[in-house]
Amino acid sequence: YPTKDLSPKVLKIIQDYVQYSGANPHAHNLIFQLFNNYGFLGVLSYSLLSLYLSILLIKSFLKKKVSVFILIPLSALLSVFMQELFDYTIPDSIIFYLVIVLLGILAASYRSKIIYTVTLSLNPYVRKITLTGLFIFMFTSFLLSYNYQLADQIENLFYKEIQHDNFHNFRFRVPLAASPNVKKFIQLDKKYLPLRVDEKRELFTGEIYLELSREGLPFLKKAEDRFLRCVKLNPRSAFCYRELSEIARMNKEEEKAGQLLDKYKALDPLHLIK
C-alpha cells in the first residue's frame, strides 16, 4: 500500500482529517445551494439564464450559418450549467471563473463586427443530427434529474435520524421499523426509473433496507440487490462490499462473507469505513 512507510501518528492525522473533512470538500445540489444563498430570485435567475442559453444555441443551429464566436462559448457555457445540475455548484471558484470568461467572450463577440465574418456552415443533414443529439441529451438529463430529486426526497425523510460522515459511515439514531417514513420511502423507491448511474442512491437505499432487515423485516434481498448495483457502478466501494459481507453472514454463507470482507479490507487500508 502507498501508506506503508508512514508512521502511525501521521496515518492517524490523515485518517481523522479525511474522515471528517473529506478528500475533496465541495457543495452539492446547485438548486438547494442557490436557494440557500440567494433565495427564490437566485433560482429563478439561474433557470431563466439556462433557458435563454438553450434557446440561443438552438436558434444558432437552425440558421444556415453559425458564428463560431457564438457557438463555442454558448456550447461551453450551456454544458457548464448542465453539469451544475448534477454535481458541483457555481460558487466553486474554478467553475465561477470559467463562467465569467465565457460570458465575456460571448459579450465581446456580440459587440464585434467579426462575429458576422467568421462563420461555420452547417448543411441540413448535420444540423438535424446535432439537434437530435441535443434533444436526446436534454431528455436524458430530465430523466436523470427526476431520479436525483427522488433521491433527495428519500434522504430528507431520514435526515434527522442518521449520523454520517464523508465516507458513508452512517448509523440510524432510532429504530426504523416503527418510523412513519418507511412507508413513504418504499413508495418513493418504486418510482425510480431504471437508470443505474447513481452509486450513492443505491448505497443509501440499500442501507435503509439492510437496517430494516436487522430489525426483522423481510427486506434482505432488496438490500443485497442495491449493494450489488453499488459495486457494479463503483467496484472500489469498500462500504458496499462490507455490507454485502454482512448480508452473506445473515444468509449463513460464511465462505462468501469472508471473500467479501477481504475485498472490503483491501479497498480500505486506512480503515476509513467503520
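So for the sequence shown, our numbering puts the first residue at 15; every next one is plus one.
All residues carry an ideal CB built from backbone N, CA and C; glycine is no exception.
Just the C-alpha distance for residue i and residue j, rounded to the nearest angstrom, thanks.
i	j	result
residue 286	residue 219	21 Å
residue 216	residue 77	44 Å
residue 56	residue 158	23 Å
residue 129	residue 278	Reliability of the predicted coordinates at residue 129 is poor, the pLDDT of 49 falling under 50, and the value obtained from them is presented with this limitation in mind. Looking at the two C-alpha atoms, the distance is approximately 57 Å.
residue 71	residue 23	55 Å
residue 73	residue 146	14 Å
residue 89	residue 60	17 Å
residue 26	residue 153	47 Å
residue 258	residue 250	13 Å
residue 274	residue 170	31 Å
residue 188	residue 221	14 Å
residue 161	residue 151	16 Å
residue 212	residue 233	21 Å
residue 230	residue 206	25 Å
residue 262	residue 163	31 Å
residue 143	residue 149	10 Å
residue 272	residue 21	29 Å
residue 252	residue 54	39 Å
residue 210	residue 165	13 Å
residue 202	residue 176	19 Å
residue 197	residue 204	11 Å
residue 174	residue 194	13 Å
residue 247	residue 214	10 Å
residue 238	residue 208	17 Å
residue 240	residue 228	16 Å
residue 265	residue 172	27 Å
residue 139	residue 67	23 Å
residue 267	residue 52	53 Å
residue 260	residue 245	15 Å
Can you have a look at residue i and say buried or exposed, based on whether 16 or more other CB atoms are within 10 angstroms of its CB?
i	result
residue 269	exposed
residue 243	buried
residue 236	buried
residue 283	exposed
residue 185	exposed
residue 156	exposed
residue 223	buried
residue 199	buried
residue 280	exposed
residue 62	exposed
residue 168	buried
residue 191	exposed
residue 226	buried
residue 65	exposed
residue 255	buried
residue 276	exposed
residue 58	exposed
residue 69	exposed
Mind checking which residues open and close the alpha helix (DSSP H) that includes residue i?
i	result
residue 174	No alpha helix (DSSP H) contains residue 174, which DSSP labels as neither H nor E.
residue 192	No alpha helix (DSSP H) contains residue 192, which DSSP labels as neither H nor E.
residue 213	213 to 228
residue 241	234 to 247
residue 260	252 to 264
residue 270	268 to 281
Pull the bridge partners of residue i from the DSSP assignment, please.
i	result
residue 186	176
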